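Quick mapping for you: the protein sequence lines, in order, are chains A and B. So the first sequence is numbered by this note's numbering: it starts at 1 and just counts up by one. So the second sequence is numbered by this note's numbering: it starts at 406 and just counts up by one. Let me begin by presenting the structure, written as structure tokens, before commenting on it.
Number of protein chains: 2
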Amino acid sequence: MALVVKKFGGSSLATPEHIKNIAKRVVEDKRNKKNKIVVVVSATGDTTDDLISSAKKLNPNPPHRELDMLISTGEIVSSALMAMAIDNMGEQAVSLTGQQIGIMTDSSHTKASIKKVKTERITKELGENKIVVVAGFQGKDESDEITTLGRGGSDTTAIAIAIALKADICEIFTDVGGVYTANPRIVPEAKKIKTLSYDEMLEMASSGAQVMQTRATELASKYNLKFHVRSSFTKTEGTIITKEIDSMEKVVVRGVIAAKDEARVTIHDIPNKPGVAAYIFGRLGKEKINVDMIIQSSAHQDKSDISFTVNEDSLAKTLEVMEKAKEHLKASRVASDPNIGKIAVVGVGMKTHSGVAGKMFESLARENINIEMISTSEIRISCVIRRDLCDKAIKVLHKEFELEK
Amino acid sequence: MALVVKKFGGSSLATPEHIKNIAKRVVEDKRNKKNKIVVVVSATGDTTDDLISSAKKLNPNPPHRELDMLISTGEIVSSALMAMAIDNMGEQAVSLTGQQIGIMTDSSHTKASIKKVKTERITKELGENKIVVVAGFQGKDESDEITTLGRGGSDTTAIAIAIALKADICEIFTDVGGVYTANPRIVPEAKKIKTLSYDEMLEMASSGAQVMQTRATELASKYNLKFHVRSSFTKTEGTIITKEIDSMEKVVVRGVIAAKDEARVTIHDIPNKPGVAAYIFGRLGKEKINVDMIIQSSAHQDKSDISFTVNEDSLAKTLEVMEKAKEHLKASRVASDPNIGKIAVVGVGMKTHSGVAGKMFESLARENINIEMISTSEIRISCVIRRDLCDKAIKVLHKEFELEK
Chain A
1 MALVVKKFGG SSLATPEHIK NIAKRVVEDK RNKKNKIVVV VSATGDTTDD
51 LISSAKKLNP NPPHRELDML ISTGEIVSSA LMAMAIDNMG EQAVSLTGQQ
101 IGIMTDSSHT KASIKKVKTE RITKELGENK IVVVAGFQGK DESDEITTLG
151 RGGSDTTAIA IAIALKADIC EIFTDVGGVY TANPRIVPEA KKIKTLSYDE
201 MLEMASSGAQ VMQTRATELA SKYNLKFHVR SSFTKTEGTI ITKEIDSMEK
251 VVVRGVIAAK DEARVTIHDI PNKPGVAAYI FGRLGKEKIN VDMIIQSSAH
301 QDKSDISFTV NEDSLAKTLE VMEKAKEHLK ASRVASDPNI GKIAVVGVGM
351 KTHSGVAGKM FESLARENIN IEMISTSEIR ISCVIRRDLC DKAIKVLHKE
401 FELEK
Chain B
406 MALVVKKFGG SSLATPEHIK NIAKRVVEDK RNKKNKIVVV VSATGDTTDD
456 LISSAKKLNP NPPHRELDML ISTGEIVSSA LMAMAIDNMG EQAVSLTGQQ
506 IGIMTDSSHT KASIKKVKTE RITKELGENK IVVVAGFQGK DESDEITTLG
556 RGGSDTTAIA IAIALKADIC EIFTDVGGVY TANPRIVPEA KKIKTLSYDE
606 MLEMASSGAQ VMQTRATELA SKYNLKFHVR SSFTKTEGTI ITKEIDSMEK
656 VVVRGVIAAK DEARVTIHDI PNKPGVAAYI FGRLGKEKIN VDMIIQSSAH
706 QDKSDISFTV NEDSLAKTLE VMEKAKEHLK ASRVASDPNI GKIAVVGVGM
756 KTHSGVAGKM FESLARENIN IEMISTSEIR ISCVIRRDLC DKAIKVLHKE
806 FELEK
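Here you go:
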């Protein structure tokens with residue numbers, strides 16, 4: 001008997017048939033393994049997008065507090081439907097909203113952070129032999145206001161509940177069934193990775209493997225909670241994410257990933273003095289623009305250039321900010337390139353193995369793929385290249401590091 | 406400056422345009438009259454039916470607790486959308502769920518009764534100059550479980566809040582715009598009634614004028630809260646419902662109504678002894694079957710027949726119960742007639758005027774309309790007739806009592 005938290009996303013719940021299949025799977029798990037089960041659900045299919053689109057018809061800038069009232073209903077609907085489906089299969093179930101449980105958050109509507117998860121209610125219901133179905137993505141603040149955790153917040157709900165309940169494992173069910181050495185649509189030989197460290201998972205996710213929210217992985221890492229990313233549709237094992245373990249050290253590179261929605265911005269001839277970078281990235285931060293790679297070069301003695309990448313959705317806003325920064329800093333010009341892509345190799349083994357970078361650059365050069373920017377962490381090497389060369393680069397690197405083996 | 410509670414039903418909120426129109430109207434009322442406003446909303450359009458249909462696909466008998474979790478979201482969605490629409494017009498608004506307000510109910514899921522309405526939160530928001538938008542139809546019980554008040558429960562929410570806040574008036578906005586002397590689709594000369602007593606309103610509603618929930622009127626009557634049933638689409642005055650006032654006494658009959666969805670059931674030759682009626686109607690009550698007219702006749706010394714009417718939706722269930730009652734009571738047989746209708750004349754003036762019944766029966770006889778059952782209260786006379794004669798009867802009676810004047 002184990003205490004298991006299982007999280008199902010919206011595409012796994014899109015139709016009544018989908019919901020029945022998940023309910024059946026949960027009920028079997030309870031009956032066969034005598035597990036205590038908490039199920040966390042997202043809104044079904046396109047519910048959240050539909051609700052937001054209804055809101056925009058009435059108010060192009062709906063107050064965030066009201067947006068949270070609105071969109072939190074999507075997950076409540078899912079949780080009630082799931083509880084009904086389980087009940088229909090002869091097991092007791094009870095759905096709970098984030099407010100009923102006491103998933104306490106701060107008051108940052110639409111992007112709240114969890115401060116504490118109360119466990120009394122869930123524990124009581126589990127004690128009465130019920131399957132507990134939790135509406136993901138939501139909580140409440142100290143004034144009893146409904147909050148939501150931002151896109152993909154149900155992952156965070158699941159991890160946070162698993163931590164609070166000291167669950168044996170948290171299972172994140174997805175369409176893709178795990179984390180792969182590369183995107184199988186680009187590299188057909190790509191293999192599912194059996195075990196990843198939290199750090200590797202974070203680097204994979206932040207560089208384009210959209211398996212789950214970075215935030216949820218960070219939370220799991222902080223409390224050392226093991227989780228299992230696996231398929232909603234089959235019973236095949238997926239990828240277990242856990243703290244770094246010895247056997248991992250032998251492996252140097254775990255996966256290659258690409259992000260094709262990046263754009264590069266460069267500001268030329270800024271004064272070479274303290275506080276300039278702080279000024280630029282402070283302004284961008286204020287506008288909630290996430291900057292990825294940053295490179296500063298000093299061509300002349302008293303002037304330098306700064307280049308960085310942003311998501312292409314933020315490009316227009318970024319250029320606005322940068323034009324103002326240009327005036328303020330008396331820079332010469334701002335340039336941008338919306339046709340770049342980012343590729344990266346990730347692996348905790350890199351820390352102790354040299355030569356990975358060299359091998360990566362060499363194999364790209366051999367294929368005439370020009371590297372425009374480079375950034376590295378202890379366990380990741382990223383390169384900016386032309387966007388249309390990303391797929392080719394991924395294939396080359398997957399082969400070079402023998403990930404198909 | 407007055408404190409006004411305004412309730413809008415689902416058909417008034419069916420599209421974004423509808424919601425904008427209502428929001429505009431509310432905002433104008435606040436600006437022009439400086440009123441403090443609480444808006445109570447139902448779920449938009451077919452939302453509740455759609456949610457119930459989703460539930461039935463997963464579980465033909467969904468647990469009522471889960472059904473409440475599910476359907477309460479419809480009104481929350483409406484309240485958030487309405488608050489956004491008002492915000493977009495430059496007035497501050499805040500939506501509140503029944504749980505946030507503290508609309509405390511008993512634990513009878515899907516048909517809960519309100520025990521208490523807390524006023525702290527609403528009062529605080531009104532004090533901050535906000536328009537408060539309340540999700541109707543819902544509350545919570547002492548264990549923090551979400552409950553709903555049954556179909557049309559938003560009327561009850563509005564009346565209960567108006568009572569708790571000591572509002573100056575409660576306005577119930579409807580498609581029909583008021584209470585008429587007869588259904589205008591049957592009697593084109595029918596006129597809107599300016600003022601009705603609670604008792605008249607109750608009799609009109611229970612006999613087929615589907616303007617608002619009986620329960621809501623009973624609650625208003627108990628606390629002597631004046632309410633105004635008026636149009637969602639125009640600014641014309643509707644019908645004010647209040648306690649009986651002097652000027653009403655001159656009027657004998659206020660309206661004529663018909664209910665065409667009734668069926669009659671008769672159980673023949675039951676023993677003439679105490680407890681028999683209690684047994685029959687106790688059984689029916691246990692099955693939540695609402696019985697309307699009841700007539701007992703003693704043809705023989707030791708046997709009698711009992712006839713009663715039920716809504717035709719309940720006929721099948723009623724006959725099941727009655728077949729068992731027949732066995733138990735050793736009655737001779739159970740008969741039913743699904744083709745009856747009920748017509749009624751209503752008016753508080755009847756109490757002190759004789760001759761209304763005679764006039765009613767006479768005019769029906771003149772038109773060859775046979776009366777099959779009669780039941781009377783202090784302010785209502787109802788007759789069961791053939792269903793296909795109901796429209797004709799309504800026209801005849803409307804003319805007879807000169808209601809077009």
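Backbone N, C-alpha and C define an ideal beta-carbon position, used for all residues, glycine too. Given the structure is predicted, the values throughout are model-derived calculations rather than measurements.
query	result
Chain B within 9 Å of Pro338 (chain A), Cβ atoms only	no
Opening and closing residue of the alpha helix (DSSP H) in which Asp155 (chain A) lies	Gly153 to Ala164
Test: Ser95 (chain A) CB closer than 9 Å to a CB of chain B	yes
Every unbroken beta strand (DSSP E) inside the stretch 35–121 of chain A [3 residues or more]	36–41, 93–96, 103–105 and 114–117
Segment contact, 8 Å Cβ cut-off, at least three pairs: the stretch 467–480 of chain B with the stretch 29–43 of chain A	no
Three-state secondary structure assigned by DSSP to Gly349 (chain A)	helix
Bridge-paired residues (DSSP) for Ile538 (chain B)	Just to set this straight, residue 538 (chain B) is Val in the shown sequence, not Ile. For Val538 (chain B), which the question treats as bridged, DSSP gives the partners B:Val444 and B:Ser500.
Any C-beta of chain B under 9 Å from that of Glu128 (chain A)	no
Interface partners of Gln100 (chain A) on chain B, CB under 7 Å	Asp549
CB of Thr622 (chain B) within 9 Å of CB of Ala610 (chain B), strictly	yes
DSSP beta-bridge partners of Phe173 (chain A)	A:Phe8 and A:Arg230
Beta-carbon proximity check, Lys631 (chain B) vs Thr647 (chain B), cutoff 9 Å	yes
Proximal chain B residues relative to Lys405 (chain A), where beta-carbon distance stays under 7 Å	Correct list: empty, because the minimum Cβ distance to chain B is about 45 Å.
Neighbour-count burial assignment, Met489 (chain B), 16 or more Cβ in a 10 Å radius	buried
CA-to-CA distance, Glu17 (chain A) to Lys627 (chain B), given in whole angstroms	48 Å
Cutoff 7 Å; reference His64 (chain A); Cβ partners in own chain excluding five residues on either side	His109 and Thr110
Where Met204 (chain A) sits in the DSSP three-state scheme	helix
First through last residue of the alpha helix (DSSP H) which encompasses Phe806 (chain B)	No alpha helix (DSSP H) holds Phe806 (chain B); DSSP gives it neither H nor E.
CB contact below 9 Å: Glu471 (chain B) versus chain A	yes
Neighbour flag for Ser432 (chain A) against chain B, beta carbons, 9 Å	In the structure as shown, chain A begins at 1 and stops at 405. Residue 432 (chain A) is therefore absent and cannot be evaluated.
Residues near Gln706 (chain B) in its chain [Cβ-Cβ closer than 8 Å; skip 5 each side]	Asn677
Cut-off 7 Å between Cβ atoms - residues of its own chain near Val26 (chain A), not counting five sequence neighbours on either side	Lys6, Ile37, Val39, Ile86 and Ile131
Contact set for Ser780 (chain B): own chain, Cβ-Cβ below 6 Å, skip 5 residues either direction	Met698 and Ser787
Closer than 7 Å at the beta carbon, the chain B residues around Ala85 (chain A)	Leu463 and Asn464
Which residues DSSP lists as bridging Gln701 (chain B), in chain order	B:Ile711
Continuous beta strand (DSSP E) stretch holding Arg264 (chain A): start and end	Gly255 to Pro271
Short Cβ contact (9 Å threshold) for Cys575 (chain B) with Val409 (chain B)	yes
9 Å Cβ cutoff, Leu456 (chain B) in contact with chain A	yes
Cross-chain neighbours of Ile76 (chain A) in chain B, by beta carbon under 7 Å	Met474 and Thr478
Residues of the stretch 418–434 of chain B with Cβ closer than 7 Å to any Cβ of chain A, in chain order	Pro421, Ile424 and Lys425
Glu728 (chain B) beta carbon near the ligand ADP (any heavy atom closer than 8 Å)	This structure lacks the ligand ADP, and indeed carries no ligand of any kind.
Any chain B beta carbon closer than 9 Å to Ser375 (chain A)	no
Same chain, Cβ closer than 6 Å to Ile163 (chain A), neighbours up to 5 away in sequence not counted	Tyr223 and Leu225
Limits of the beta strand (DSSP E) - the one that Lys545 (chain B) falls within	Gln543 to Lys545
Bridge-paired residues (DSSP) for Met778 (chain B)	B:Val789
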